[in-house]
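Per the working numbering, the sequence shown starts with residue 1368, numbered consecutively.
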Amino acid sequence: MEFESDLSCTLEYKSFRSTVPLKQIVVDSDGLKVWKVYEAGPKGVRCPLVCLPPVIGTADCFYRQVLSLTARGYRVISVEYPVYWSVMEWCEGFKHLLDRLDVDRAHILGASLGGFLAQKFAELTSNSSRVASLILCNSFIDTKIFNYTDSSSVFWMLPSTLLKKMIIGRFPRKLMDPHIADSIDFMVERLECLTQSELASRLTLNCSPDYVQPQKVEMEVTLVDVFDESALSQSVKEEMYKCYPNARLAHLKTGGNFPFLSRADEVNMYIQVHLRGYEGTHLSATDSGTPVER
């Protein structure tokens, strides 16, 4: 790869890549659905924090959460999706992944598409309670906000260059905070790692007509969003507040589309505040809790 972002060159990122191995976990019988996973922290924890990336994210985009939180005793798992063309299919695959990882329940941190999928998984598994709580970062509740619902069915046949232009075109072009600029460069670098089918399938999940039924997502929720420019409008954020009136609000003055990278210290603090209430219980993401009952 010719381009290498500044974040990829940092000692912090290099330390992550040298100390946390990348795993590939097959979740289907024919061996085609392979999830990429970074996992760190106490293996005995059965209710860890699981991180779901946005459309262009790979499993390493949450490296700053993995390093910081595991240093404080949390079990953290960051994942990267294989190709799925429907939310139902994705949820079934994610359930099998949790089973392979010996995760009974999970606290899920989801960014943008990752947050939408986390909500859908919580909704569709409400009877089996696989989700302990949600941390939703710059996320949404209805895919119609992207205005691609009519054309999403043809994403599978579009070339990578066109799909990438659809995404990069939503990024701000004005001068910005250097940390936000670095986060965009890092994520664009991740975008270049995705195949056409991986990117097309994620955009299909992101834009196909679908919405969350929040009345079925009965759990603690923290909403992390930014006050500066991002891909989501204020009306989308207001809709999230309305759907989760009891949610804890974690507002960041700035942070752009990827605050988990650009404002990692602040985001990690909010994550710890969210998880702290579960310590000493069977839903603890650290080894301070008791075993989760099956």
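Think of the CB as a built atom: it goes at the ideal place given N, C-alpha and C, for glycine as much as any other residue.
For A1652 and W1523, what's the separation of their Cα atoms in angstroms?
Computed Cα separation, rounded: 38 Å.
Taking C-alpha atoms, which residue in D1549, Y1451, G1408 lies nearest to R1442?
For R1442, the nearest C-alpha among the options comes from G1408.
Express the C-alpha separation of A1489 and S1396 in angstroms, rounding to a whole number.
The straight-line gap from Cα to Cα measures roughly 25 Å.
Cβ atoms of E1565 and V1450: under 7 Å apart, would you say?
When the beta-carbon positions are compared, V1450 and E1565 come within less than 7 Å of each other.
Use the C-beta contact count for D1654: other C-beta atoms within 10 angstroms, 16 or more gives buried, fewer gives exposed.
Around the CB of D1654, fewer than 16 other CB atoms lie within 10 Å, so the residue is classed as exposed.
Verify whether the separation of the beta carbon atoms of A1478 and V1446 is less than 7 Å.
Cβ distance not < 7 Å, so A1478 and V1446 don't count as in contact.
Residue range of the beta strand (DSSP E) that G1482 falls in?
Note, G1482: premise wrong, no beta strand (DSSP E); alpha helix (DSSP H) at 1480-1491.
Below 8 Å on the Cβ atoms is my contact criterion, and I expect R1413 with L1465 to pass it. Report the Cβ-Cβ distance as a whole number of Å.
Not really, about 10 Å apart at Cβ, beyond 8 Å.
Grab me the residues of P1625's own chain with a C-beta within less than 6 Å of its C-beta, minus the 5 sequence neighbours each way, in chain order.
Position check: residue 1625 holds Phe in this sequence, whereas Pro was assumed. Only S1550, M1554 meet the Cβ criterion.
For G1411 and Y1611, what's the separation of their Cα atoms in angstroms?
For the pair G1411 and Y1611, the Cα-to-Cα distance works out to about 32 Å.
Can L1416 and F1383 be called in contact, C-beta distance under 7 Å?
Against a cut-off of 7 Å, the Cβ pair of F1383 and L1416 comes out as no contact.
I need the straight-line Cα distance from Y1608 to F1483, nearest angstrom please.
Rounded to whole angstroms, Y1608 and F1483 show a C-alpha spacing of 14 Å.
Terminal residues of the alpha helix (DSSP H) in which H1649 lies:
First-last for H1649: undefined, no H or E at that position.
Could you tell me the alpha carbon to alpha carbon distance between V1588 and E1371, rounded to whole angstroms?
Distance from the CA atom of V1588 to the CA atom of E1371, rounded to whole angstroms, is 35 Å.
Just curious, the beta strand (DSSP E) that I1508 is in, first and last residue?
In the DSSP annotation of this structure, I1508 is not part of any beta strand (DSSP E), being labelled neither H nor E.
Whole-angstrom distance between R1431 and S1600, CA atom to CA atom:
Separation of S1600 and R1431 (C-alpha to C-alpha, rounded to the nearest whole angstrom) is 26 Å.
Among Y1578, Y1448, F1627, which has the Cα closest to the Cα of E1606?
The candidate whose alpha carbon is nearest that of E1606 is Y1578.
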